[in-house]
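So the structure is just underneath, and the comments pick up after that.
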Amino acid sequence: MKILLVEDEVLIALEQQLYLESVGHSVVGPAITATEAMELAEADKPDLALVDVHLGMGTNGIDAARGLNALGVPCLFITSFRDELKKDGPLTGIGCLPKPFTESGLLAAVDVARAILAGETPRNVPQTMELFV
Numbered sequence: 001m002k003i004l005l006v007e008d009e010v011l012i013a014l015e016q017q018l019y020l021e022s023v024g025h026s027v028v029g030p031a032i033t034a035t036e037a038m039e040l041a042e043a044d045k046p047d048l049a050l051v052d053v054h055l056g057m058g059t060n061g062i063d064a065a066r067g068l069n070a071l072g073v074p075c076l077f078i079t080s081f082r083d084e085l086k087k088d089g090p091l092t093g094i095g096c097l098p099k100p101f102t103e104s105g106l107l108a109a110v111d112v113a114r115a116i117l118a119g120e121t122p123r124n125v126p127q128t129m130e131l132f133v
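All residue numbers for the sequence shown refer to full-length UniProt numbering, where the first residue is 1 and numbers rise by one.
See the structure below:
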């Protein structure tokens, strides 16, 4: 899968990229603002976006996810701020994997998203992952 990282913490983005590329995914980004996420998605349409809630320059991932969804890019939140996803109306996205995450947790969450997008029943859903669909 081609995966867009929407994450303003450089070390976390590098960690995600390392884990994802180690199993054959291609990675776009990271985008550190909602605007940058939209620009990257328009230029190189990803299959999935991994989105943090708090982004750089005062932007937020919830707005980024709404914009990405409008472009047809499904989103999976990877964040420490799960509660904030529920305070701004309907949830946008496939689900949420809370930080801190493990390599196996992140890869399993991406596989769950892949299965849902393919119309399959997901298996091996990480215990800490919350699905919105």
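Built from N, CA and C at the ideal position, the CB exists for glycine as well.
What you are looking at is a predicted structure, and each value in this text was computed from that prediction instead of being measured.
Option nearest E7 by Cα separation, candidates V51, T121, A109 and G72: V51
I'd like to check one pair, G56 with T92: are the Cβ atoms closer than 8 Å? no
Less than 8 Å separating the beta-carbons of F101 and I116? no
Across which residues does DSSP place L4 in a beta bridge pair? V28 and A49
Hey, is V27's beta-carbon within less than 8 Å of any beta-carbon in chain D? This model lacks chain D altogether; it includes just one protein chain.
If you draw a straight line from the C-alpha of F123 to the C-alpha of V112, how long is it? At residue 123 the sequence reads Arg, which differs from the Phe that was named. Whole-angstrom Cα-Cα distance: 7 Å.
Quick one: measure Cβ to Cβ for A49 and V10, integer angstroms, because I've assumed they're closer than 8 Å. Actually they are not in contact, since the Cβ atoms of A49 and V10 sit about 18 Å apart, beyond 8 Å.
Between the CA atoms of A108 and I94 - distance to the nearest angstrom: Their Cα atoms are separated by approximately 14 Å.
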